[in-house]
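> In this note's numbering, the protein residues as written are 7 to 78. Quick reminder that beta carbons are idealized off the backbone N, C-alpha and C, glycines included. Sharing a structure, written as structure tokens. Questions coming.
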């Protein structure tokens with residue numbers, strides 16, 4: 007899969023959906039019948055999902071800090 011296309015696909019996911027997909031990938035990777043030929047694909051997708059979640063959390067934290075500062 008094209009990396010740019012994958013990034014675009016992940017960018018439109020909400021945080022909850024991204025976390026759900028991460029959990030599914032982890033389960034696949036931990037399964038005894040994990041498809042070794044797809045391991046790289048799973049790892050790449052998981053990395054991009056984690057990056058997306060981290061960015062959303064940081065953005066949310068910044069917004070909360072701004073709100074708290076406005077109350078002071």
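1. Give a yes or no on whether the C-beta atoms belonging to residue 35 and residue 59 are separated by under 9 Å.
2. In three-state DSSP terms, what is residue 78?
3. Taking residue 27 as the reference, give the member of 11, 50 and 70 with the closest Cα.
4. Let me know if residue 63 comes out buried or exposed under the rule of 16 or more other beta-carbons within 10 Å of its beta-carbon.
5. What three-state label does DSSP hand residue 32 in the structure shown?
6. What did DSSP end up calling residue 73 once you bin it into helix, strand or coil?
From the atom records:
1. no
2. coil
3. 50
4. exposed
5. helix
6. helix
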